[in-house]
Amino acid sequence: MIYLDNSATTRPFDSVIETMARCMRETYFNASAAYRPAVEVERAIRACRQAIAAQVGAQEEEVYFTSGGTESDNLAILGVASLLRQPANFVCSAIEHPAVLETIRRVESMGHEVRVMPINRFGVVDLEACASLIDEHTALVSCMQVSNETGAIQPVEQIARLARAKNKNVRVHVDGVQGFMRVPMQMERMGVDLYSLSGHKIHGPKGIGALVVKKGVRLAPQMTGGGQEKNLRSGTYDSPAILGLHQAVLEMGQRRAEIDRLRAMKARLWSQLAKAEGVRLNGLPVDDPCSAPHVLSVSFEGVRGEVMRNALEGAGILVSTGSACASHKQKVSATLRAMGLSTEQADGTIRISLGMMNTMEEMDEAAAQMIALHKQLQAFRRR
Amino acid sequence: MRELLLVRYGEVFLKGQNRPFFLRKLVDHVREAVSGLGGRVWLSDGRIYVSDFTDMQACIRRVTRVFGVHSVSPAVEMEKDNFEAICEQAARMMAPLQGTFKVLARRSDKRYPLDSPAIMREAGGYILEHVPHLQVDVNHPDHEMMIEIRSHAYLSVEKIMAVGGMPMGTNGKACLLLSGGIDSPVAGFMIAKRGVEICCVHYHSFPYTSERAREKVLELARELSDYCGKIRVHVVPFTEIQMQIHEKCPENYTTLIMRRYMMRIAERIAREEGAQALITGESVGQVASQTMEALGCTDEVVGMPVFRPVIGMDKSEIIERAEQIGTFATSSLPYEDCCTIFTPKHPATHPRVELIRKAEEKLDSQTLIEAALDGTEVVELG
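Protein chains in written order, with my numbering: chain H, 1 to 383; chain E, 384 to 765.
What follows is the structure in structure tokens.
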């Protein structure tokens, strides 16, 4: 099997699995308890905080553990909205993940205005339009770091700068689920106040993530209880998951050089596909510095993405159409339509996403299969 | 004193000399239905009784889904000699209820000192006296307390309607063409309800349909198996046939020709399974392949009866039925089935059968059908 759906989730590193198993078997103590073994668990959790903070240019006490990307996004947006006394406006990009988009819609129903930043034909937020949307009543600007559909790296630093210039009190949130540890993030330098990340996209466990909150940014907790995470996120520490996340961060860090290998694999895959007729790359060229190293959106002329995906599965290659979160809805991707693709082109799109466990040989094999299946399936189309 | 379920059967009553056969089947099915719940099942006095179960609600849910069962009542069985105790128990059972009531009585033990009217009068009076918030209404009561005097006394208030129909396996076997849509599970249910054992055929068009589409159909079969018991689903690889039709036949006839191949293969599978008829979810006029002429063209290739129980139903009626049965949610999942993916833009609504026959001559039917049957996978559910 060749697994090319790493933006949906990744296979955990063996070291992650071992760390978690050991934690469940031996150091299962409640990190908030008073005895020594519990204190050691707390220390291990702290080490994870430090590791994450070091990756994103933040301090350890700014890292708050959550159940993953969705909860982090909810906490950031609702946490800001709940503290507002007057109607304000919220700005987000047109291509946000549903975890952001649906949460922003909830904010709209609370009486705030929602403004959407359009994207250009490369799937990148249009900065000019963005500038005109932000004003003194903007409470939060939210933009993803990397598009889960096209892999386009978004200009979050410029957006943050634009936003601050218009309104010094604005909060900037970045959904970094697809970017964390594959695309650099320096919150302090880039002017990001809130950063969501998830464990299972970097070969860590599912069900764990974090929201990094810059000091001085106030949020209203969305969960009440035992007061963990300085009252912002109650709930017993999921220590096996946190330790697993820590291990994933460590191993990703040790293998930092391999990010270039991801990029090379993506380039190799596309160079093979580009030779065939009727295959289109959506978004930025693969060698563009703003194209993330691991996500590739490709349209096959005359073959529906769903059919291509099924056929690839038959050949032992797993990919997704559009993005997995949306693919059960069977709608043509709004992102791709906004990028100027025809309905047919958008419908003919698959998303290929790479992870640390993929190999160059797999790229050749996958490209060959895709081209062969495309030919085969294209011969047979609706008349 | 103990709790048990009193199970009434419906149409089986109408049977003459072969009634014991039907009843034996029915009791077997009730026994099967409650087997995981430790229930004891027996037939007595024209009723089926279920006792010694671990979970009454689960038991009721399962028994009300057995074809042939008319209704189920949770009942209390007690010694019949102490009439005072019976009245006390009746009052206890009525106390949590609101509104109006009446007492019904039946006495199969004719030596019992009180006759039925006397039981009704006495017990009714007792309840009225001890449960003062209830009123009597003999014409349109909210609740009926049923007291039956047989070997023991049986008291019941609640009556839960069951699916009805005839015991499974008393009316032969038929093969259902299960697509994954809303109509075919309803069609299968309606025929199964008449005591007909069901097996299913599903046409799978990988890669044009996904693994999830296949899973959806298996889930529908599993939902039907709640009523019918174990179901075998034959998953037939259909892509090659569809491609050949698409390549070689006139576009406006592709759907009909496809339907004819489905029928041919289903008949072969039906004969292997020992089934005597096919079942489809077609409804007259619903789509182009379901006009009267089109149905005639599909039937032409089948040598056994084709049952279409939803033929005269509106879509809304079929949906309502699917909701009752519990297959609607699964049917509504969005995965495409093989019927929608190859649809021509302008399908023939008044097809001419000689044109179809001529078009089919271009296909190597024998080889195509054999290959499809060879590749068929059988999954057993329930």
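Here a beta-carbon is modelled for each residue, glycine too, at the ideal position from N, C-alpha and C.
{"query": "Beta-carbon gap between His453 (chain E) and Gly393 (chain E) smaller than 8 angstroms", "result": "yes"}
{"query": "As assigned by DSSP and simplified to three states, the class of Phe300 (chain H)", "result": "strand"}
{"query": "Straight-line Cα distance separating Arg106 (chain H) from Gly235 (chain H)", "result": "24 angstroms"}
{"query": "Inter-stretch contact at 8 angstroms, needing at least 3 Cβ pairs: the stretch 598-615 of chain E / the stretch 558-575 of chain E", "result": "yes"}
{"query": "Same chain only: Cβ atoms within 7 angstroms of Met265 (chain H), ignoring 5 sequence neighbours per side", "result": "Leu354, Asn358, Met360, Met363"}
{"query": "Sequence ranges, alpha helix (DSSP H) only - wholly within the stretch 43-120 of chain H, length at least 4", "result": "69-81, 98-109"}
{"query": "Classification of Asp464 (chain E) by the beta-carbon crowding that lies within 10 angstroms, buried from 16 upward", "result": "exposed"}
{"query": "Nearest-angstrom beta carbon gap, Gly199 (chain H) and Gly244 (chain H) [assumed within contact, 8 angstroms]", "result": "7 angstroms"}
{"query": "With 16 other Cβ atoms within 10 Å as the buried cut-off, status of Gln440 (chain E)", "result": "exposed"}
{"query": "C-alpha gap between Glu229 (chain H) and Leu336 (chain H), whole angstroms", "result": "39 angstroms"}
{"query": "Residue-level contact to chain H via CB, Glu760 (chain E), 8 angstroms cutoff", "result": "no"}
{"query": "C-beta neighbour in chain E for Val107 (chain H), strict 8 angstroms", "result": "no"}
{"query": "Proximal residues to Ile469 (chain E) (C-beta, below 6 angstroms), its chain only, five neighbours per side dropped", "result": "Ala536"}
{"query": "Straight-line gap, His246 (chain H) to Leu197 (chain H) (C-alpha atoms, nearest Å)", "result": "13 angstroms"}
{"query": "Chain-ordered residues of the stretch 292-310 of chain H with a beta carbon less than 8 angstroms from chain E", "result": "Glu306, Val307, Met308, Arg309, Asn310"}
{"query": "His173 (chain H), DSSP secondary structure in three states", "result": "strand"}
{"query": "From E:Met551, E:Ala506, E:Ser562, E:Lys698, residue whose alpha carbon lies closest to that of Ile581 (chain E)", "result": "E:Met551"}
{"query": "C-beta contact flag for Ile652 (chain E) and Glu743 (chain E) at 8 angstroms", "result": "no"}
{"query": "Distance between beta carbons of Ala99 (chain H) and Gly69 (chain H), contact taken as under 8 angstroms", "result": "6 angstroms"}
{"query": "Contact belief for Gly191 (chain H) with Gln145 (chain H) at Cβ below 8 angstroms, rounded distance in angstroms", "result": "At roughly 13 angstroms, the Cβ-Cβ gap does not stay under 8 angstroms, so Gly191 (chain H) and Gln145 (chain H) are not in contact."}
{"query": "Burial state of Tyr64 (chain H), where buried means 16 or more other Cβ atoms lie within 10 Å", "result": "buried"}
{"query": "Straight-line Cα distance separating His587 (chain E) from Thr103 (chain H)", "result": "39 angstroms"}
{"query": "Beta-carbon proximity list for Thr150 (chain H), same chain, < 6 angstroms, skipping 5 on both sides", "result": "Gly123, Asn282, Gly283, Ser297"}
{"query": "Where Gln518 (chain E) falls: helix, strand or coil (DSSP)", "result": "strand"}
{"query": "Closest residue to Cys48 (chain H) among H:Pro240, H:Glu113, H:His294, H:Cys290 (Cα-Cα distance)", "result": "H:Pro240"}
{"query": "Cβ-based neighbour list, Ile443 (chain E), same chain, cut-off 8 angstroms, excluding 5 preceding and 5 following", "result": "Leu388, Val455, Pro457, Ile543"}
{"query": "Val762 (chain E) and Val619 (chain E) closer than 8 angstroms at C-beta", "result": "no"}
{"query": "Span of the alpha helix (DSSP H), counted from its first residue to its last, around Ser748 (chain E)", "result": "748-757"}
{"query": "As assigned by DSSP and simplified to three states, the class of Lys205 (chain H)", "result": "A quick correction: the sequence has Pro, not Lys, at residue 205 (chain H). Pro205 (chain H): coil per DSSP, three-state reduction."}
{"query": "Per-residue contacts from Glu313 (chain H) into chain E (C-beta, under 9 angstroms)", "result": "Phe589, Pro590, Ser593, Glu594"}
{"query": "Proximity below 8 angstroms, CB of Ala705 (chain E) to CB of Pro688 (chain E)", "result": "no"}
{"query": "Coarse secondary structure for Tyr392 (chain E), derived from DSSP in three states", "result": "strand"}
{"query": "Inter-residue spacing [alpha-carbon to alpha-carbon] between Arg164 (chain H) and Val170 (chain H)", "result": "6 angstroms"}
{"query": "Counted within 10 angstroms of its Cβ, other Cβ atoms place Asp73 (chain H) as buried (16 or more) or exposed", "result": "buried"}
{"query": "Glu344 (chain H) in three-state terms, based on DSSP", "result": "helix"}
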